[in-house]
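Number of protein chains: 2
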Amino acid sequence: MQVLIWKQLSVRRRAAVLARPASAAQPDRAAVVARIFAAVRREGDAALRRFTRQFDGARLRSLQVTAAEFAAAERVLGRADHAALRTAWRNLRRFHRAQRPRPLRVTTTPGVVCEKVVRPIDRIGLYVPGGSAPLFSTALMLGVPSQLAGNPVRVLCTPPDRAGRINPWILCAAQLCGLTEVYKVGGAQAIAALACGTTSVPRCDKIFGPGNAFVTEAKLQASRAGTAIDLPAGPSEVMVVADDRARPDLVAADLLSQAEHGPDSQVLLVAYSVRFASRVQAELARQLAVLPRRAIAQRALAGSRLLVASGAEAAVAIANAYAPEHLILQVADPRALLAGVTAAGSVFLGAWTPESLGDYASGTNHVLPTAGWARAISGLGLADFHRTMTVQEASPRGLQRLGPVVERLARAENLAAHQRAVRVRLHLLSR
Amino acid sequence: MQVLIWKQLSVRRRAAVLARPASAAQPDRAAVVARIFAAVRREGDAALRRFTRQFDGARLRSLQVTAAEFAAAERVLGRADHAALRTAWRNLRRFHRAQRPRPLRVTTTPGVVCEKVVRPIDRIGLYVPGGSAPLFSTALMLGVPSQLAGNPVRVLCTPPDRAGRINPWILCAAQLCGLTEVYKVGGAQAIAALACGTTSVPRCDKIFGPGNAFVTEAKLQASRAGTAIDLPAGPSEVMVVADDRARPDLVAADLLSQAEHGPDSQVLLVAYSVRFASRVQAELARQLAVLPRRAIAQRALAGSRLLVASGAEAAVAIANAYAPEHLILQVADPRALLAGVTAAGSVFLGAWTPESLGDYASGTNHVLPTAGWARAISGLGLADFHRTMTVQEASPRGLQRLGPVVERLARAENLAAHQRAVRVRLHLLSR
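Written as structure tokens, this is what we have:
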């Protein structure tokens, strides 16, 4: 890991330094996923069972988690475990409840009322990855807003282990969120099931949740076929902006907590001096040595950057250009910097707010835009589980006022039937 | 056009009746668009000029509309034309201004504050189709919310005619919305320019606006490459629910105003009696005869449906199953029906609210979800021109309260560095 002084880099080099590594091109991934979709469409549950045997090594009779399995999971966790889950759930509820989309009513012209009304989406499908780390926190992040939205159908899919079991933490998180319909199916086949529907798994209107490259490809194919999806998922990222008064050990700890996610995690430091950056570098080496997932973290650090900016303004410009998923501001006055930040998924202010807080329990959602999507896309929120409809109602007087305007505009667009739909009404009213 | 009695249809037949016709499969469309992207990336403005010559028949020196061209356009429109545009613009402003996303601040745990902050997207690209009908109303629908959001870079692309000119109504609509940067480029090449950037056209973070199948394909490819897009566009649709007290002539006029959009427009009537449906059918034939765009409307009507439901409840169920872009409720108590409607783009209440009102000037946005996307996606609104970031800040006391919970959850997910980022801080605080 090299310390790079931003001022000394050419424009081209700067762009390269902030570029995300291109994901390994796998032209056959799309074809593999398309075949999985076709099989799930054709054979339904039988295909899900076959893929689960093939990819997860589990032979399942029933795909759905039973009440007995939920009860057993609850007994596995201790009292303090349940309390911790409940605290995270409660904070998520508090922050998401405040996001409830507002209905709206505006009189735009006397006699013409426009409204926005809000409805929960009917059927939502949630996906929680399994694998090396059972991410039950993701079950909370998806489960809480769907519980608050009150979507009539709420389904969770997650892959089983070789013995056909779901991690008990995931089941307890699901239960807290009132998710009683949980299916033991993962990967692209889970997304195909949620998009197409099978005898067991209901077809959904929108699919949420992160996953590996096959899951992401499956979500794109689902979206092309008419099922909505949440946001494009990619490798996780953190950028830490730290001034010279920050503690290098805390900065290094935050960088490492991102690096352990996976070898493709992105980790960037923006320091205000070479000296501070070098101290962080030394801390990284020291702390890495004691991490259980150090092999993963080391690979992530190999692709990471330690940048030196000439001050707060330059640091904010770098952050906005990169648009990180997570942005940690360990500086003397983080709120002053925040005012200039325009593109980030979630921002962590000050020395006492590590990213882990937001990953689990502060109340913010950890499903966030990666890969620079923060330039245009927001992290998951309660509104994503609703849709809004606009409504308008004109009184006879309202139509008489606004109708002639509409007639003129429709004529200018050569849309005579649009004009006519107004004119026949105005004729009726003028009789 | 046949009158179909819903009660008498099998489940399979019902699904077929409400299914959108599959869009003509064009496997080479994706390849054509990919080649256009590659050319624009490689050659920039030169490629834009070449494609504009090839597809629009116009030889352009400068791609950007000049101040003189804006001034000339303004002189073409009459005083009443300008007033009509301004009324539409004003109503759109009134309704969209009320949608301004709220910032948010919640204390979730004593000492832990979570926030949502709102930022306009930096660079947005707007696309307005040209072709047979110059849809300046779309320029207003995209321009007004971007003007209210105050996006720092706002660009509009629209194809020129063979003489290299842009329709004066489009330029006047753009000017009303403060859109001074307008480029004479259309089709997939316009989307490629907005996604990749050229010497003339700035690269944008998000692209908005409808278009033909090539434009839609180009937006999908832009989205795969990292540029956000608004919503998937498809052929326009209307469903009219009408009880026996509605006027068949008004219902027919509304159906025709949709049918004239294009031969693939979707037009559905849900009546409460065969007798009423037949009267609408007769009106359609009568009114069709006098329409200038009757060839188009006739082809759209050929694929349309006249359904007879057994009453209000059944009608609402049909509407929700179809999830129309536009839903017109010409019934005695439209608000009673609205309460049950969960999936539609925009709803028009009562006899005096033709769809044309919302297409131009009521104040609602006419960029709406088609093809059943209304089940999960909302029409365009002010929020789509912003992104939100979440923010959290813990005090030492806040971290001491919430930290142990986060430690326990991180450990359960086998993420030791996440746990450690909290623990090193708690150690510091306990000294």
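Note that the protein sequences, when read in sequence, are chains A and B.
Heads up: the first sequence runs through residues 33 to 463, numbered per my numbering.
Heads up: the second sequence runs through residues 33 to 463, numbered per my numbering.
We put the beta carbon where it would ideally sit given N, CA and C, even for glycine.
Counting only unbroken stretches of 3 or more residues, the beta strand (DSSP E) elements lying wholly within the region 341-375 of chain B are 358-362, in sequence order. At a cut-off of 8 Å, the C-beta of residue 218 of chain B has no neighbouring C-beta in chain A. Contact of residue 33 of chain B with chain A by beta-carbon distance below 8 Å is absent, the smallest such distance being about 16 Å. Per DSSP, the beta bridge partners of residue 151 of chain B are B/419. By the beta-carbon neighbour count (other beta carbons within 10 angstroms, threshold 16), residue 135 of chain B is exposed.
For residue 202 of chain A, the enclosing alpha helix (DSSP H) has its first and last residue at 200-208. Legend: CB atoms of the region 88-102 of chain B lying less than 9 Å from CB atoms of chain A are not found in any residue. The shortest CA-to-CA distance from residue 406 of chain A to any of B/62, B/160, B/260 and B/180 is the one to B/260.
The residue among B/273, B/450 and B/462 with its C-alpha nearest the C-alpha of residue 354 of chain B is B/273.
Of all residues in the region 326-349 of chain A, those with a C-beta nearer than 7 Å to a C-beta of chain B are 329, reading in chain order. Relative to the Cα of residue 81 of chain B, the nearest Cα in the group B/432, B/453 and B/230 belongs to B/230. Fewer than three Cβ pairs drawn from the region 175-187 of chain B and the region 444-453 of chain B lie within less than 8 Å of each other, which leaves the two stretches out of contact. Listed along chain A, the residues sitting closer than 8 Å to residue 424 of chain B by beta-carbon distance are 378, 379, 380, 381, 385, 389, 390, 394, 395 and 396. Within its own chain, no residue has a Cβ closer than 6 Å to the Cβ of residue 367 of chain A once the five positions on either side in sequence are excluded. With respect to residue 291 of chain B, residue 332 of chain B sits close: the two C-beta atoms are nearer than 8 Å. For residue 189 of chain B, the enclosing beta strand (DSSP E) stretches over residues 185-190. For residue 36 of chain B, the enclosing beta strand (DSSP E) has its first and last residue at 35-37. Residue pairing by DSSP places residue 251 of chain A in no beta bridge whatsoever. In this structure, the straight-line span from the alpha carbon of residue 236 of chain B to that of residue 243 of chain A is close to 28 Å. Taking a C-beta distance under 8 Å as the contact criterion, residue 219 of chain A and residue 240 of chain A do not qualify as a contact pair. The three-state reading of DSSP puts residue 274 of chain B in strand, counting E and B together. Within the region 123-142 of chain A, contact with chain B at the beta-carbon level (separation under 7 Å) is assigned to 123, 126, 127, 130, 131, 136, 138, 140 and 141. Chain order gives the chain A residues near residue 428 of chain B as 384, where near means a beta carbon separation below 7 Å. In this chain, the beta strand (DSSP E) harbouring residue 303 of chain A covers 298-303. Looking at the backbone, the Cα of residue 232 of chain A and that of residue 77 of chain A are separated by about 7 Å. In terms of Cβ geometry, residue 377 of chain A and residue 411 of chain A form a close pair [threshold 8 Å]. Around the beta carbon of residue 216 of chain A, 16 or more other beta carbons lie within 10 angstroms, which makes this residue buried. Where residue 445 of chain A is concerned, there is no enclosing beta strand (DSSP E), because DSSP gives it neither an H nor an E.
Rounded to whole angstroms, residue 384 of chain A and residue 251 of chain A show a C-alpha spacing of 37 Å. Using a 10 angstroms sphere on the CB of residue 461 of chain A, the tally of other CB atoms stays under 16, which defines it as exposed.
Residues of the region 165-177 of chain B that bring their beta carbon within less than 8 Å of a beta carbon in chain A comprise 165, 166, 167, 168 and 169, in sequence order. Between residue 196 of chain B and residue 90 of chain B a beta carbon distance of about 4 Å is seen, short of the 8 Å cut, so the two are scored as contacting.
Rounded to whole angstroms, the separation of the alpha carbons of residue 248 of chain A and residue 426 of chain B is 33 Å. In this chain, the alpha helix (DSSP H) harbouring residue 223 of chain B covers 219-228.
Residue A/238 holds the alpha-carbon nearest to the alpha-carbon of residue 409 of chain B among A/238, A/386, A/186 and A/254. Assigned with DSSP and collapsed to three states, residue 424 of chain B falls in strand.
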